[in-house]
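Q:
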Amino acid sequence: MYKRLVPIALAVCGLVALPIWASTSAMDIANQILLASIGAIALMLLTGFAGQISLGHAGLLAAGAFTAGILAREVGAPFWVGIPAAGATGAMLGLIFGLPSLRLRGIYLAVSTLALHFVVIYLGGEYETRRGFSTGILIDPPLVFGRELWDPRDWYPLLLVCAGLTWLGARNLLRARTGRSWAAIHDTEPVAAALGIHVARAKLTAFVISSTITAMAGALFAYYRGFVSIEAFSLFVTIQYVAMIIIGGMGTLIGAVLGAAFVTILPHAIEWGTSLLPTSRALAGSIFAINYAAFGVIMIAFLALEPGGLVGIARRLRGLIRGRG
Amino acid sequence: MRPFIALLAATALAPVTALAQEAYRVGLSGALTGPAAGSYAPAIEGLQLYIERLNAAGGIDGRPVELIVLDDTGEPSRGATNSRRLLGQERVSLMINASLSSTFAPMIADAQRAGVPLLFASSACPAEVYPPAQPLLYCSTAFAARYDSRATLDFVQEQAGTDIDLGLVAMAIPLSRGEIEAAEGLARERGMRPQAPTIVPPPTADYTPFATSIQQAGADWVYAWAPWVTQVRTVEALRRLGWEGNYIAWGHIEAEGELARLRDANLYAIGANSLFSENLPVHQDIRAAAAGSTYPADQMAEGWIAGMVVEAALRAAGWPADGAAVNAAMQGLNVDTQGLRGGPIQFTADNHFRATQYYRVYRWNGEAVEVVRDWQAYSVE
Amino acid sequence: MQLIVNIVVLTSIYALVSCGYVLIYRVSRVLNLAHGELMMVGAYLLLVTAGYVTNPMVAIPLAAILSLTMGALVYLLLMRRMTGESVLAAILTTIALGILLRGLIVIFFSAAHQYPSVPLGLHSSSIQILPGARISTLSLVLVLVTAAVYGSLFAALRLSRWGLRMRAAGQNPLLAAQRGINLHFIYALVWGIAMFTGSVAGMLISLDAGLDQTLVLIGLKAFPAALVGGLDSLLGALVGSLIVAAAEVLLIQYVNPLLADVVPFLILIAMLVLRPWGLFGTREALDRV
Amino acid sequence: MSLLSVDNLHVTYQRAIVALSGVSLSVPEGHITAILGANGAGKSTTLRAISGFIGLDNARITKGSVRFDGKEVAGLAPYRITALGVVLVPERDKVFPNLTVLENLDVVTSRASPAKRAELQATVLDHFPRLKQLLNREAGLLSGGERQMLALASAIVCAPRLLLIDELSLGLAPVIVEEIAGRLREIRDDLNLTVLLVEQSAAVAFRLADNAYVLEHGEVALSGSSVELQGNSAVQGAYLGTGAEGRRSYRDARRLREGGAA
């Protein structure tokens, strides 16, 4: 047990010390990673552990962001009201997203969540134009402990705490009865039912918990950006989150965080890479395309060659080292 | 956890290209790629060509202008990251937005917090630039909400009076819908019979159903204010249904080339930019500069005008030009557009749009794209 | 009258696109979410062939054959490695393929709007086919092509030996292999045909309305049509397309044009709740998944 | 002389469960050979190893050889073994349910030339007249017996040199099994087929087969001609329940090997 503590302690103090020496844009990337890992952990619980495929993640993020946006703009609700309210919307949507899972499995479930994604985005668009926010909803920086959060450096501690809480919450959940029932329904539902596990309740709790966390992540994202618009929650966002749990490594919490970091850093790394090339101005035009293509190639590589994801690679490396060490 | 912290550090200490301190630093975040790139990328390239030509001729008082271009693919989150990088790390003294309206809010917030002026070039002018204008926000783009519809309806009334059925076409994006719904109100005030706006969702396989609903409502005139693709697909579908009415659409940068391609006598384009076929000296300059670039010269007027505004602002601000100095200079700017527009672009402390907005209508007359009605001035209150 | 013609045109567009989804799912049990991108790549192939030969009667078939071979290659080089993997992995590989193709298209063809009809010198004139109903020649061609494609598919699947083998491979791959049927050839063939039909639809739409990135979204809109009919049957795809197209056209005309975007997905949700395996799909398809 | 000879074959599942540990048997050309044995003795595994469809639920041949017509086939890709003329009639999912009877026969690939194939199809339908009346019926709607007939017919149309049949009589009424067994024997004589039959019911096996092997726990416990085995008291005791000494406790059956070794 002691041996495992050292790397964790190192990691935690590394993270806490980050704001001291990192530049503002690096802090912005770090914050984005923390936000992404909250959403990734939520999706990992649903798909990685409970085995329910969902392609509606961006829709849930949008729902959370819009709830926070509407409350902040219409009612002027503070930060402390916006986040839990977004969580409540997420829980409600989780139920709606979860109902089809009682009848459907695999492809049909994925498709029903995809359809719900388009419905949520459509409603968001309608709200935006009806209420005249044709260029999106502006939210002024939230007040936390009397301090106005705007600079990435102010946001970092709050986001670190939120990500940490999500991690701990998820880990305890997985150890509790719900987590075990999820593991059962992950593979063979009939067997799970035979063992007396209330399959329907297990599925719905998986959807509700995952959607609540995702919606809160969406609200946090809205406050962090200070801005909400439907264009920010396209289908590509869903695909990015699904890529996070695959590249990270299905069925592991650390996989979700590693995947979140990888997928968030990738576009910046590519941009930094191409800026080194001499013809960087000509390439600037197709940076977006290069990102897209690279993202596709990497996902295919992980799916075909290393289904275990980064965690799989790490395990294999550790095996090699231990084998030879 | 260890590896990713190292990677993070690497990006943080990315080699900040040590720039010669005496260059003027201007930053741009625009939709170089992504779905909206078609109407923004040519303008951005036009601006880059202008700045290169300016630097070749010795820059401003011997100092070059450093233009940093970042792609935001029309996505708000990328727009926000770019503006933080331009303001925080690159320390630009003037920032330009050439992208979808969804990227406005985060950039406006960052610019106002950093006290650096933000120029909207080729992107739709937000309401904040009209008098009474908010500080630090300026717009040099041809089209402008509210005034475009008024000018168009004036022209339609001039041509066909007010006893007409007016079809209205918009794309299902908030800005286009907002403008067309405003136009519906204006048309009703003038005694016209506006139909319910036909709002077309972006990914449409077949435009015929939308054209059918317009035709069957008996529209004599149709006014479209949306991205060029939606405007032109709808008129093509209407023509295929045998509709002979008049169609007037906003003249985007692609308008001139497209009117020549379509050869439709009843298709009008109303715009604020002049035609490249007039071959004014400035048009020749643009053609010379645009030789060999990826986008056609006649789509670069918007970027060229932005270049003129930037040069005038930096020249007026003098050296050293920080955000406040450039902003002060822009309050009293008067930029001669050398015929690209109906008149000069004048900014005042209270009006960051322009004193007068000039509109011109043109169409295909059998052999060439001609001007149907020359510049019509609208003073901006 | 014009409404009915509009419905027929929209139905044939959705049918021609959705038969790609059905063919691949029915034979190789894989849901191909990259079908929209493959359709777009087919249309861009026409842009390439139109660059070399300006006679449409040569350029279009040439591009169609290219897309057939590319479809087969997509299976052989990529999807073959995914046999035996989980359902989620297979779906995600197709999504990743879609992203890769979208990126490559913008790199090679830039994001600008292209017009393949210009080099081919095609002007879409319109004909009066019924009193009070006019249709563009290209839409007419599209309707005829859809009829021909569905006719030949129904005939092939019923009569030709390779058609039988496709159906057999779809029902019981193990037994098909035991009876000496080369499954890899069948899957490559079916991916080729699916891309062929999708590309033909993509080409005809782009000849009529020009070509850019948004063609992919049309592929996505045709997806509910395939599912409503039951992922498992061609007849279902036809009927599903009719239902979705009719709903869209009537809603645009009488209710609110904005609904056209979300209607297919509303119908899809209703169908998934009532009859997940669609109108004509086999229930077994659901349990097997 | 023997078309198929299996030597010391070992197969393990999931790298843990040993299914076959040293099976050796040979199938003379033109003969019907049967494999007997209780459930889980490794009968089906042997068949799947020979036909090449072993790699399914990650089973693997770990040792031994399978020689068909003198050529080593262990580990070859299944479709390569089928091309050599080894055709398997599986235990379950033996027909294409949504195809009609005629389509089930048309769909298979045959080593015979088109003309020879048509002739083969005609003769096999002659041998199974009931199928001839049901040509346009979907195979999914056939009865158990008709389904087995169709499975045999479609395998024979492939013009196999060696026909592997997994459980001929499973789930069928005795009178139908009698009819099918009789038909099979006639076809074997007519087309000079070599058959390796895995069968649970010893009665059917001895009626059809010329010689037989008895598998127990993955090893060959007994082998010999059908006549000899029928006479062997141990086999009777274990399988037919009519041992010479009247009732025998089942406990001794386990020591079948030592007691009644022929």
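Residue numbers (the numbering used here), protein chains in the order written: chain E, 1 to 325; chain L, 326 to 706; chain X, 707 to 995; chain V, 996 to 1257. Glycine residues also receive a C-beta, built at the ideal position from the N, C-alpha and C atoms.
Could I get the ranges of all uninterrupted alpha helix (DSSP H) runs contained in the stretch 393-463 of chain L, with 4 residues as the minimum, in chain order?
A: Counting only runs of 4 or more, we get 401-409 and 429-439.
Q: Cβ of Arg4/E less than 9 Å from any chain X Cβ?
A: False, the Cβ-Cβ gap to chain X never drops below 9 Å.
Q: Starting from the beta carbon of Asp938/X, find every residue of chain E whose beta carbon is closer than 8 Å, and list them in chain order.
A: By Cβ distance, chain E contributes nothing, its closest Cβ being about 11 Å from Asp938/X, past 8 Å.
Q: Using a Cβ cut-off of 9 Å, pull out every chain L residue sitting near Gln959/X, in sequence order please.
A: Neighbours of Gln959/X on chain L, chain order: Pro534, Thr537, Ser538 and Gln541.
Q: Out of Ile958/X, Leu978/X and Ala749/X, point me to the one whose CA is closest to Val904/X's CA.
A: Just to set this straight, residue 904/X is Gly in the shown sequence, not Val. Closest option to Gly904/X, Cα to Cα, is Ala749/X.
Q: May I ask you to report which of helix, strand or coil DSSP gives Tyr758/X?
A: The answer is helix: DSSP assigns Tyr758/X an H, G or I state.
Q: Show which residues of chain X have a CB atom less than 8 Å away from the CB atom of Val1103/V.
A: Neighbours of Val1103/V on chain X, chain order: Arg885, Gly886 and Ile887.
Q: For Leu372/L, which residues from the same chain have a beta carbon less than 6 Å from its beta carbon, with the 5 sequence-adjacent residues on both sides left out?
A: Contacts found: Gly628, Ala631 and Gly632.
Q: Please list, in chain order, the chain X residues whose beta carbon lies closer than 7 Å to that of Ser112/E.
A: Going along chain X in sequence order, the residues near Ser112/E (Cβ under 7 Å) are Ile975 and Leu978.
Q: From the beta carbon of Arg867/X, is the nearest beta carbon of chain L less than 9 Å away?
A: False, the Cβ-Cβ gap to chain L never drops below 9 Å.
Q: Whole angstroms are fine: how far does the CA of Pro825/X sit from the CA of Gly757/X?
A: Each residue's alpha carbon lies about 7 Å from the other.
Q: Let me confirm a value: Asp1101/V is counted as buried when at least 16 other C-beta atoms fall within 10 Å, else exposed. Which label applies?
A: Counting Cβ neighbours within 10 Å, Asp1101/V comes out buried, since at least 16 surround it.
Q: Using beta-carbon positions only, say whether Ser427/L and Ala368/L come within less than 9 Å of one another.
A: Not a contact, by the Cβ cut-off of 9 Å.
Q: Taking just the CA atoms, how far does Gly355/L sit from Gly82/E?
A: The straight-line gap from Cα to Cα measures roughly 31 Å.
Q: Going by beta-carbon coordinates alone, are Ser1196/V and Ser1164/V separated by less than 9 Å?
A: Closer than 9 Å, so yes.
Q: Grouping DSSP H, G and I as helix and E and B as strand, with all else coil, what is Glu504/L?
A: The answer is helix: DSSP assigns Glu504/L an H, G or I state.
Q: Cα separation between Leu333/L and Trp550/L?
A: Model confidence at Leu333/L stands at a pLDDT of 46, short of 50, so the residue's coordinates are unreliable; what they give is reported in the following sentence. Rounded to the nearest angstrom, the two C-alpha atoms are 45 Å apart.
Q: Distance cutoff 9 Å, beta carbons only. Does Ser427/L sit that close to anything in chain E?
A: Taking Cβ atoms only, chain E reaches closer than 9 Å to Ser427/L, which makes this a yes.
Q: Looking at chain X, is there any beta carbon in it that lies within less than 9 Å of the beta carbon of Asp490/L?
A: So, not an interface residue.
Q: Return helix, strand or coil for Lys1066/V, following the three-state DSSP convention.
A: Correct three-state label for Lys1066/V: strand.
Q: Give me the Cα-Cα distance between Ala345/L and Val257/E, rounded to the nearest whole angstrom.
A: Model confidence at Ala345/L stands at a pLDDT of 47, short of 50, so the residue's coordinates are unreliable and nothing is read from them.
Q: Starting from the beta carbon of Ser1108/V, find every residue of chain X whose beta carbon is closer than 8 Å, and list them in chain order.
A: Under the 8 Å cutoff, chain X gives no residues; its nearest Cβ is about 15 Å from Ser1108/V.
Q: Quick one: is Val1209/V near chain X, going by C-beta distance under 9 Å?
A: Not closer than 9 Å to any Cβ of chain X, the Cβ of Val1209/V fails to qualify, so no.
Q: Interface residues of chain X around Gly567/L at Cβ under 8 Å?
A: The contacting residues are Ser832, Gln834 and Arg840.
Q: Name the residue from His677/L, Val696/L, Gly648/L and Arg564/L whose alpha carbon lies nearest to the alpha carbon of Ala436/L.
A: Closest by alpha carbon: Gly648/L.
Q: CB-CB under 7 Å to Pro152/E, same chain, minus the five flanking residues each way: which ones, in chain order?
A: The residues are Thr24, Met27, Asp28 and Asn31.
Q: Could you tell me the alpha carbon to alpha carbon distance between Gln834/X and Asn291/E, rounded to whole angstroms?
A: If you take the alpha carbons of Gln834/X and Asn291/E, they lie about 47 Å apart.
Q: Considering Ile805/X, what are the terminal residues of the alpha helix (DSSP H) in which it resides?
A: That run of the alpha helix (DSSP H) goes Val793 to Phe815.
Q: Return the chain-ordered list of same chain residues with a C-beta closer than 7 Å to the C-beta of Arg327/L, the five sequence neighbours on each side being excluded.
A: Any reading at Arg327/L must be qualified, since the residue scores a pLDDT of 44, below 50, and its modelled position is unreliable; the value itself is stated next. Nothing meets the Cβ criterion.
Q: What is the residue span of the beta strand (DSSP E) that Gly869/X lies within?
A: Per DSSP, Gly869/X belongs to no beta strand (DSSP E); it is in the alpha helix (DSSP H), Arg867 to Gln877.
Q: How would you label Arg171/E, buried or exposed, when you count the other beta carbons within 10 angstroms and need 16 or more for buried?
A: Arg171/E comes out exposed.
Q: Suppose you measure from the CA of Met788/X to the CA of Pro307/E; what does that come to, to the nearest Å?
A: Taking the straight line from one Cα to the other gives about 11 Å.
Q: Count the other CB atoms, across all protein chains shown, that sit within 10 Å of the CB of Tyr960/X; report buried if there are 16 or more and exposed otherwise.
A: Exposed: under 16 other Cβ atoms inside 10 Å.
Q: Mind reading off the beta-carbon distance from Val728/X to Leu937/X? Whole number of angstroms is fine, and I expect it under 8 Å.
A: Yes, Val728/X and Leu937/X are in contact; Cβ-Cβ is about 6 Å, under 8 Å.
Q: Does chain X have any CB closer than 9 Å to the CB of Ile505/L?
A: No, no contact with chain X.
Q: Tell me whether Pro1124/V is buried or exposed, calling it buried when 16 or more other Cβ atoms sit within 10 Å of its Cβ.
A: Result: exposed.
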